[in-house]
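Asks:
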Amino acid sequence: MTYIFVALFLVMMGYIAYFQVVRSEEIIRSPYNARLDAYADRVTRGNIVDKSGNVLAKSVMVDGEEAREYPYGNMFAHVIGYSDQGKSGLESVENYDLLTSHAFFLEKLVNEFQDKKNMGDTVVTTLDLNLQQAAYNAMGSYKGAVVVIEPATGKILAMVSKPDFDPNTVAANWEALNSDENSVLLNRATQGQYAPGSTFKVVTALEYMRENVGYASYSYNCTGAIEQDGVTIHCYGGNVHGPVNFQDSLAYSCNASFSNIGLSLDTKKFQETTKGLLFGSKLPSVLPYSKSSFSLESESSSADKMMTAMGQGKTQVSPYHMALITAAIANGGTLMKPYLVDTVTNYSGQEVEKNMPEEYGTLMTAEEAAQLKQLMKGVVDYGTASVLSGQGYTAAGKTGTAEYSSDKEKDHSWFIGMTNVDNPELVISVIIESSDGSAKAVNIAKQVFDAYYY
Amino acid sequence: MVNIVVELSKYLMIVLVTMYTYLCFSIFGYYDPDKKKSMLRRQNILMYMIHVIAFLVMYLETEDIKMLGFYLMQVVLFSATIILYTNIYPKVSRLVINNMCMLLCIGLIVLTRLNYESAVKQYIIVAGAIALSLVVPVIIRKFKKLSEWKNLYAIAGIVSLAVVVVVGQVSYGAMLGFTIGGISIQPSELVKIIFVFFVASSFKMSLEFRNIVITTALAAFHVLILVVSKDLGAALIIFVVYLAMLYVATHQPLYILAGLGAGSAASVVAYHLFDHVKTRVVAWKDPFAAYDDGGYQVAQSLFAIGTGGWFGMGLYQGMPEDIPVRDSDFIFSVIAEEMGIIFALCLILICVSCYVMFLNIAMQLHDIFYKMVALGLGTCYIFQVFLNIGGVTKFIPSTGVTLPLVSYGGSSLISTLIMFAIIQGLYILREDEEEDIERKKKERLRAKRSGQENKKRPRKAGDVPERPQRSQPRRQAQGQGKTRKEQRVR
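In order, the protein sequence lines correspond to chains X and Z.
With the numbering used here, letter number 280 in the first sequence gets 280, and the count goes up by one each step, no holes.
With the numbering used here, letter number 122 in the second sequence gets 122, and the count goes up by one each step, no holes.
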């Protein structure tokens, strides 16, 4: 009897110790935990810097009061976030580190005696000012988002969302920002939900490859449209692609051919494949995000099957998620867990904590990834993304145009892609909302790549 | 500067409570009574040191002179408790007294930090309850017919629970008690004790299958009323206490298996039948997902414990105001937040030390009634501690029970102090019992020896004086008792 209860208590004490050692840090970082704010009474909020030390957020004294300053203003508004009116972005996620001081203990002791605040730790992000700047400027006044990831490590190098706001004046402009009809506070990169358009053809292609070993001998004669059960699907811009093979279909983004492929697919298996690519499930993300959705049933109509195969349908996805899929393709099928914080150092630069690249999971086999990469290279070499060909770097990718309303004049413009195809260095995902056709996502990708390589 | 004092005192208190806790267990390994006595004294000194440091810090933080006055009042109370108990009942278990005072001391420190007024109220209740508890051991010792009032216990228990259901008031989703003349009473607290007496007397009467079935039915009825009145914690405690007593009385594992089976089935039914049960389980699974739907209590508790860390934030440095029901059900989280997880773990061990002592007593009692009472009350105490601490640390779903002797709350405090006093009474009984046995043994031995002597020597009338014969063995028995006592913890 005694032993049972004593054992029960030992287990419980073990659990409490486990909780403290393993779980507590994650738990106390919760934004619900008001206790962290109390840390601010004893610690000056630390800096946030980019990968090479450029200060993205810092604490300054204004009229004897501590205030937060963001030297690059709107540029990092969503990813770094704000901390004056509630908290968002990294300011929220890294609240704990920013308000914890690992300064030299003697120095801390002296400060304690003098009743002075200690300096909080510095968060060194994976962000690259150069790339962020290029993406930010390239987007101009368009609405949309850009995500740049280093596929081999999962480091997020840039994350831009437009329209934006100035984090320096969030508290003052709170009313206006909060009620803005363009939802400026929304981080479109991770929380925006869009029809993937033709970028989804990469997923359809993967499914077709999985179902048909002989996919390489696929051929189709595009007449500019395909009709099934009374529904007609046209190719974009009234193009007629003629006889196309598998690679051509993707390179030209042939809607008719992909509708044809979509009709042949096994719905159950297609669902499995999208599930494997994290549709409808959790994404690895430090920032808040929206789950993507994919819906196709065996009872779905032919129209739905065709539309879904070419990325219209009911599929909804965030630019961030498309970046993850592209990163997995670039990295031989393995998705590295994306991260934004490289190291946490004390204010004088001494390392406190370092995040190491970590595998998140295998989304596809290495052969599948290599095949998709090859197909996407065709898109750049002779297809819809040929503006990226003939550069000082190699590239692969997929463009997309997503209809989002009855307004046929305006579509979302998409691009997902990678550079240095043999050993990918950058993965990008770009969306421009309601483009009138002149602004193309692929051009934005090009400006970001150019900024990196030239 | 105050910061530094708070910071240092925090570590000092942790060291002191660790030493105290070590003594709680290491004392079981010593047999020399003088050594034991000095260890027990050391425990008292450690308690007073923790107490004075805590109040010094609280005075520095609040700069309120009231703190010092209240401190002195508490010192008087603890000293009076220790002196009165040990003088009125020299045979009392000192370790249990020490632990009782230590737990009360921690409780009063935390309550004072949370709310001075309610701490004063608690103080008054503690003083009254201790005075009341002082007569309990006498009752246990003198009333030999306690084991014969089985029906009375059953009726008293069920009626007082039923009254709560009928005229109960709702507090935190459970009908726990009612108010008479401004004093709120939670009968379930006292019913636990009555229930233990009921089961013990029933088992003493008979361990036949028929009687066990009847007793089980009545026990189940207790549990049912408690579940209906939404007092899940008390229902669970009664259930577990009954199983423990049944097993020790019958040594029949089948009963336990059947009981656990029935309990699991009943839990599943309760989960689907009662929303308040479901809410607690959902909040336990993921308090953050169910934050706005009952999860915030446990979530805030975890924030407090996690933010406090191993060494705590220091008194007045945390934010216990954010923890719901912080002064009663969630007081453990407050302790962990401000005094540290190490301190909190020591607190758990002190409770376990009490339990080990209780079971020690139970196993050495020969009378089945007293044995059952000690076992039942001991189980009742430790299981309540388990439910409380398990609940606030998300180890198990929270059931809304108090942490005995530490939490704020009159009914819980009074019933726990009575429980402790009853066990002290049983401990004294056992000492008596043992003396009795020793004496009888000596008498037999003496009778034998004198019989042999008598054979050698022709018997003379009036040769056997009454008094010397009676007093001599007693003196011997006392001597014997002392050497035996060396193996016992006091």
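C-beta: ideal position from N, C-alpha, C; glycine also.
Owing to the predicted nature of the structure, the values given are computational and were not obtained by experimental measurement.
Just confirm the distance between the C-beta atoms of Asn377/Z and Ile422/Z, as a whole number of angstroms; I'd bet it's less than 8 angstroms.
Replies: As a working note, residue 377/Z is residue 377 in the second sequence. As a working note, residue 422/Z is residue 422 in the second sequence. Looking at the sequence shown, residue 377/Z is not Asn but Leu. Confirmed, about 6 angstroms.
Asks: May I ask you to report which of helix, strand or coil DSSP gives Ile226/X?
Replies: For this step, residue 226/X is matched to residue 226 along the first sequence. Reduced to three states, the DSSP call for Ile226/X is strand.
Asks: What separation, rounded to the nearest whole angstrom, lies between the Cα atoms of Ser301/Z and Ser333/Z?
Replies: As a working mapping, residue 301/Z is identified with position 301 in the second sequence. As a working mapping, residue 333/Z is identified with position 333 in the second sequence. Each residue's alpha carbon lies about 6 angstroms from the other.
Asks: Taking only three categories from DSSP, how would you classify His251/Z?
Replies: Reading the second sequence from its first residue, position 251 is the one you call residue 251/Z. Note: His251/Z maps to coil in three-state DSSP.
Asks: Flag this pair as yes or no: are the beta carbons of Phe78/Z and Leu114/Z separated by less than 9 angstroms?
Replies: The sequence position of residue 78/Z within the second sequence is 78, counting from 1. The sequence position of residue 114/Z within the second sequence is 114, counting from 1. Going by C-beta atoms, Phe78/Z is not nearer than 9 angstroms to Leu114/Z.
Asks: Judging by CA-CA distance, which residue of Val136/Z, Asn99/Z, Leu111/Z and Leu60/Z is the nearest neighbour of Ile88/Z?
Replies: The residue you call residue 88/Z lines up with position 88 of the second sequence. When only C-alpha atoms are compared, the closest one is Val136/Z.
Asks: Answer with yes or no whether the minimum CB distance from Val136/Z to chain X is below 9 angstroms.
Replies: If you number the second sequence from 1, residue 136/Z lands on position 136. No - not a single Cβ of chain X is within 9 angstroms of the one on Val136/Z.
Asks: Would DSSP call Val334/Z helix, strand or coil?
Replies: By one-based count along the second sequence, residue 334/Z stands at place 334. Val334/Z: helix per DSSP, three-state reduction.
Asks: Excluding the 5 residues preceding and the 5 following Ile233/X in the sequence, name in chain order all residues of the same chain whose CB lies nearer than 6 angstroms to its CB.
Replies: Within the first sequence, numbered from 1, the residue matching residue 233/X stands at position 233. Hits under 6 angstroms: Ile226, Asn255, Ser259 and Met306.
Asks: Would Ser79/Z count as contacting chain X if we go by Cβ distances under 9 angstroms?
Replies: Numbered from its first residue, the second sequence carries residue 79/Z at position 79. No, no contact with chain X.
Asks: What number of angstroms, rounded off, separates the C-alpha of Ala328/X from the C-alpha of Ser407/Z?
Replies: Looking up residue 328/X in the first sequence gives position 328. Looking up residue 407/Z in the second sequence gives position 407. If you take the alpha carbons of Ala328/X and Ser407/Z, they lie about 54 angstroms apart.
Asks: In chain order, which continuous runs of the alpha helix (DSSP H) of length 4 or greater are located wholly inside the stretch 9–70 of chain Z?
Replies: With a minimum length of 4 residues, the continuous alpha helix (DSSP H) runs that stay inside the stretch 9–70 of chain Z are 33–62.
Asks: From Gln20/X to Ser264/X, what distance separates their C-alpha atoms?
Replies: Taking the first residue of the first sequence as 1, we reach residue 20/X at position 20. Taking the first residue of the first sequence as 1, we reach residue 264/X at position 264. Their Cα atoms are separated by approximately 54 angstroms.
Asks: Classify Leu257/Z as helix, strand or coil using the three-state DSSP reduction.
Replies: Here the question's residue 257/Z lines up with position 257 in the second sequence. In this structure, Leu257/Z counts as helix in the three-state DSSP scheme.
Asks: For Leu349/Z, decide whether its Cβ has a neighbour in chain X, counting only Cβ atoms nearer than 9 angstroms.
Replies: One-based indexing of the second sequence puts residue 349/Z at position 349. With 9 angstroms as the cut-off, Leu349/Z counts as an interface residue toward chain X.
Asks: How many angstroms separate the CA atom of Phe449/X from the CA atom of Leu131/X?
Replies: As a first step, residue 449/X must be located in the first sequence, where it is residue number 449. As a first step, residue 131/X must be located in the first sequence, where it is residue number 131. Roughly 8 angstroms between the two C-alpha positions.
Asks: Give every residue of the same chain whose Cβ lies closer than 6 angstroms to the Cβ of Thr416/Z, excluding the five residues on either side of it in the sequence, and list them in chain order.
Replies: For the purposes of this step, residue 416/Z is taken as the residue at position 416 of the second sequence. Answer for Thr416/Z: Pro404 and Leu405, listed in chain order.
Asks: Are Phe70/Z and Tyr11/Z closer than 9 angstroms when you measure CB to CB?
Replies: Position 70 of the second sequence, counted from the start, is the residue given in the question as residue 70/Z. Position 11 of the second sequence, counted from the start, is the residue given in the question as residue 11/Z. In this structure, Tyr11/Z does not lie closer than 9 angstroms to Phe70/Z by Cβ.
Asks: Can you tell me which residues form a DSSP beta bridge with Lys58/X?
Replies: Reading the first sequence from its first residue, position 58 is the one you call residue 58/X. Its beta-bridge partners are Glu69/X.
Asks: Enumerated in chain order, which unbroken segments of the alpha helix (DSSP H) with a length of 4 residues or greater are wholly contained in the stretch 322–394 of chain Z?
Replies: Counting whole runs of 4 or more residues, the stretch 322–394 of chain Z contains the alpha helix (DSSP H) stretches 331–339, 341–364 and 368–392.
Asks: Going by the CB atoms, is the gap between Leu134/Z and Ser229/Z shorter than 9 angstroms?
Replies: Stepping through the second sequence from its first residue, residue 229/Z is reached at position 229. Stepping through the second sequence from its first residue, residue 134/Z is reached at position 134. Going by C-beta atoms, Ser229/Z is not nearer than 9 angstroms to Leu134/Z.
Asks: Sorted by chain position, which residues of the same chain lie with C-beta nearer than 8 angstroms to Ser285/X's C-beta, five sequence neighbours on each side aside?
Replies: Sequence index remark: in the first sequence, residue 285/X carries index 285 (1-based). Cβ within range, chain order: Thr190, Tyr320 and Pro338.
Asks: Hey, does Tyr382/X have any beta-carbon neighbour from chain Z nearer than 9 angstroms?
Replies: Working through the first sequence from its first residue, we reach residue 382/X at position 382. With 9 angstroms as the cut-off, Tyr382/X does not count as an interface residue toward chain Z.
Asks: Check whether the stretch 286–303 of chain Z and the stretch 25–43 of chain X are in contact - that is, three or more C-beta pairs closer than 8 angstroms.
Replies: The stretch 286–303 of chain Z vs the stretch 25–43 of chain X: in contact.
Asks: Judging by CA-CA distance, which residue of Ala129/Z, Asn98/Z and Ala80/Z is the nearest neighbour of Ser38/Z?
Replies: Stepping through the second sequence from its first residue, residue 38/Z is reached at position 38. Nearest of Ala129/Z, Asn98/Z and Ala80/Z to Ser38/Z, Cα basis: Asn98/Z.
Asks: Helix, strand or coil: how does DSSP classify Met456/X here?
Replies: In this structure chain X extends from 1 to 454, so residue 456/X is not present and cannot be described.
Asks: Under 8 angstroms by Cβ, that's how I've got Val223/Z and Phe197/Z pegged, so tell me the actual separation to the nearest angstrom.
Replies: Locating residue 223/Z in the second sequence gives position 223, where the first residue counts as 1. Locating residue 197/Z in the second sequence gives position 197, where the first residue counts as 1. Not confirmed; about 17 angstroms, so no contact.
Asks: For the stretch 82–100 of chain Z, enumerate the residues whose C-beta is nearer than 9 angstroms to any C-beta of chain X, in chain order.
Replies: Those would be none; no residue qualifies.
Asks: Alpha carbon to alpha carbon, how far is Val464/Z from Asp32/Z?
Replies: Taking the second sequence and counting its residues from 1, one reaches residue 464/Z at position 464. Taking the second sequence and counting its residues from 1, one reaches residue 32/Z at position 32. Confidence at Val464/Z is low in this model, with a pLDDT of 45, below 50, so its placement is unreliable and no value can be given for it.
Asks: Near Ser147/Z, which residues of its chain fall below 6 angstroms by C-beta distance, leaving aside the five closest residues on each side in sequence?
Replies: Position 147 of the second sequence holds residue 147/Z. Cβ within range, chain order: Ser201, Lys204 and Phe369.
Asks: Look up Tyr316/Z in the DSSP assignment and say whether it is helix, strand or coil.
Replies: Along the second sequence, one-based indexing puts residue 316/Z at 316. In the structure shown, Tyr316/Z sits in coil (DSSP, three-state: anything other than H, G, I, E or B).
Asks: Mind checking which residues open and close the alpha helix (DSSP H) that includes Lys377/X?
Replies: For the purposes of this step, residue 377/X is taken as residue 377 along the first sequence, with counting starting at 1. Element bounds for Lys377/X: Ala366 to Tyr382.
Asks: Just verifying my parser: in three-state terms, what is the DSSP assignment at Val93/X?
Replies: Here the question's residue 93/X lines up with position 93 in the first sequence. Of the three classes helix, strand and coil, the one that applies to Val93/X here is helix, per DSSP.
Asks: Val6/X CB to nearest chain Z CB: under 9 angstroms?
Replies: In the first sequence, counting from the first residue as 1, residue 6/X sits at position 6. Cβ-Cβ to chain Z under 9 angstroms: yes for Val6/X.
Asks: Helix, strand or coil: which one does DSSP assign to Glu431/Z?
Replies: The residue labelled residue 431/Z in the question sits at position 431 within the second sequence. Looking at Glu431/Z - three-state DSSP - the assignment turns out to be helix.
Asks: Please classify Ser188/Z as buried or exposed, where buried requires at least 16 other C-beta atoms within 10 Å of its C-beta.
Replies: Taking the second sequence and counting its residues from 1, one reaches residue 188/Z at position 188. Its Cβ being crowded by 16 or more others within 10 Å, Ser188/Z is buried.
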